[in-house]
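See below for the structure under consideration.
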Ligand code: NIG
Ligand code: FE
C-alpha cells in the first residue's frame, strides 16, 4: 500500500486510542502516548499508527510528504464543540460596562448583549457573515482546530436571519478545511417584541422553526439558553422535546450564571451535552453521570464574564461525567478563537490534568458533536485530522500559556496549515 503522508520520529504521539465514546474518570487520563511514534496517511484516512519504522508492506510514492516529529507533540485535531461562530458586529463596548460592574444578564435585560448582536447579524449580508466567520475559522484552524460546532441564535424571531446563519455555517462546511456542525439556537433570548408574551415566541419555535430546520436539514443539533430571565427549565424542556421529535439532537446552555436545574434537565431530556454548568448542582452532576451527558465546559467565558466562578470540573470527572472543553467563541461572553488558551485555563484554574484536557478537547469534543466514530483519536480508519505542535511534550503546551504552539495541521489528509516564519 502506498501512502501520501508519513509523520515520523514523533517524540510524543498522543493517540487517544480507545473506545469510540466519551471517556470518563481515569479513562480521561489515558491518552495512548507513543514515544518515537509514526503515523501513515492515505487519502483522507489514517492507515497506520505505531512506533519506530513502518512495516515493509507500507510503501511511499514519489509525492509522499515526510514530516519530522523530532521535538514535537502530535495530537488528534482539536474539536471546538461549542461556538457562536456566525454573527455580525462585535461588542467591545461591553468591556467598560463590565469594568464598572455591569452584569451580563443586566446588559441583556436592558436590551443590549445578545440583542445588539441580533441587530448587527440582521443587518449583515450573507457574504459579510461568511467572510467574518471564515476569518475566525482560519484563526481556529491555526490553533489546531479541525472541527467546529456553530450555533445560530442571532436572528431570534427573525427566522430568515436564523436561516442565514445556518446556511453560512453549512456553506463554510463545504468550502473550508474545517468541518462545521450546525446547531439551531433560535431559543437564545426572548426578543423584546415578545417580552410580555414569551409563550407566543416559544410556540413559533416549536411549531414553525424546528420543523422547518429539521425538514431542510439546516442543523444537526438544537440548543436552548436555559437561564434566569431567558428560558425556564420547563420552557427549555418543551423546546428540546419538540426538537427530539423532529430528529434534532438536544444540547442546552445549562446553569451558566444562575443555578436553574439545567444539569438535571439535560439528564432528564437525554441531551448529548449540557454546556457551561458553572452553577450546576451536585444532584444535577450525578444525574448527568448516570445518563452519560457530556459536560461541555467553557472556562474562557467565566474568565471574560469576570465572575470569578468556574465549573466544578474535578467534581464532574470524579463523579463520572465525561468532560469536553470549548471556546464558546461569541462576541459577548467569550470573544476568542483560542482553544489553546481555554485548555490552559481548564488546567490552571479548573485543575484538570493536561491528559484530561487533551481528552476533553479531542475525543470527548468529537462525541459532543456526535462524530466520535470518525474523529477525535489517531487510530487506523479514522479521518486524518492531526495537529503537530512545536512543543516537546503535552505539559509544555498547557503550561506555556496564551501563545499558539501549532506547527502544522493536517485536515482529512491534507496539509491545511503551516506556521510561517515570515520575519523580514
Ligand atoms: O454561551 N449564553 C448564551 N450564549 C452565549 C453568549 C452569547 C452572546 O453573549 O452573544 C454563551 O455565553
Ligand atoms: Fe454559548
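In our numbering, the protein residues as written are 78 to 501. Each residue gets a CB set at the ideal place from its N, CA and C atoms; glycine is no exception. Here the structure is a predicted model, which means the values were calculated and not measured.
inquiry  = Taking the alpha carbon of residue 131 as the reference point, which residue from 104, 84 and 255 has its own alpha carbon closest?
reply    = Locating residue 131 in the chain shown gives position 54, where the first residue counts as 1. Of the listed residues, the one whose Cα sits closest to residue 131 is 84.
inquiry  = Taking the beta carbon of residue 383 as the centre, do at least 16 other beta carbons fall within 10 Å, making it buried, or is it exposed?
reply    = Looking up residue 383 in the chain shown gives position 306. Its Cβ having fewer than 16 others within 10 Å, residue 383 is exposed.
message = Does residue 183 come out as helix, strand or coil in the three-state DSSP assignment?
response = In the chain shown, counting from the first residue as 1, residue 183 sits at position 106. Residue 183 falls in the helix class under three-state DSSP.
inquiry  = According to DSSP, is residue 159 part of a helix, a strand, or is it coil?
reply    = Here residue 159 refers to the residue found at position 82 of the chain shown. The answer is coil: DSSP assigns residue 159 none of H, G, I, E or B.
inquiry  = According to DSSP, is residue 229 part of a helix, a strand, or is it coil?
reply    = Here residue 229 corresponds to residue number 152 of the chain shown, with the count starting at 1. Of the three classes helix, strand and coil, the one that applies to residue 229 here is coil, per DSSP.
query = Three or more C-beta pairs closer than 8 angstroms, one from the segment 420-440 and one from the segment 383-398: is that the case here?
reply = As far as the Cβ criterion goes, the segment 420-440 touches the segment 383-398, which means the pair count is three or higher.
key: Unbroken alpha helix (DSSP H) run spanning residue 268, endpoints   = Within the chain shown, the letter at position 191 stands for residue 268. Where residue 268 is concerned, there is no enclosing alpha helix (DSSP H), given that its DSSP letter is neither H nor E.
request  = Please indicate yes or no: does the CB of residue 407 lie closer than 7 angstroms to some heavy atom of the ligand FE?
outcome  = Position 330 of the chain shown, counted from the first residue, corresponds to residue 407. Yes, Cβ of residue 407 sits closer than 7 angstroms to a heavy atom of the ligand FE.
C-alpha distance - residue 119 paired with residue 254, whole-angstrom precision = Residue 119 sits at position 42 when you count from the first residue of the chain shown. Residue 254 sits at position 177 when you count from the first residue of the chain shown. Distance between the alpha carbons of residue 119 and residue 254: 17 angstroms.
request  = Use the C-beta contact count for residue 203: other C-beta atoms within 10 angstroms, 16 or more gives buried, fewer gives exposed.
outcome  = Residue 203 sits at position 126 when you count from the first residue of the chain shown. Result: exposed.
message = Tell me whether residue 164, by its Cβ, gets closer than 7 angstroms to a heavy atom of the ligand FE.
response = Residue mapping note: residue 164 aligns to position 87 of the chain shown, counting from 1. No, Cβ of residue 164 sits at least 7 angstroms from all heavy atoms of the ligand FE.
request  = Ignore the nearest five residues each way along the sequence and tell me which others in residue 136's own chain have a CB closer than 6 angstroms to its CB.
outcome  = Within the chain shown, numbered from 1, the residue matching residue 136 stands at position 59. Result list for residue 136: 79, in chain order.
request  = Rounded to whole angstroms, what's the CA-CA distance from residue 164 to residue 242? Just pull it up for me.
outcome  = Numbered from 1 along the chain shown, position 87 holds the residue referred to as residue 164. Numbered from 1 along the chain shown, position 165 holds the residue referred to as residue 242. Using only the alpha carbons, I get a separation of about 7 angstroms.
ask   = Within the present structure, is the beta-carbon of residue 189 separated from the nearest heavy atom of the ligand NIG by less than 7 angstroms?
value = Here residue 189 refers to the residue found at position 112 of the chain shown. Not under cutoff, so the answer is no.
key: Runs of alpha helix (DSSP H) lying entirely within the segment 379-462, each at least 4 residues, in chain order   = 390-396, 416-425, 431-437 and 440-445
Among 168, 283, 257 and 222, the one whose alpha carbon lies nearest that of residue 233 = If you number the chain shown from 1, residue 233 lands on position 156. Closest by alpha carbon: 283.
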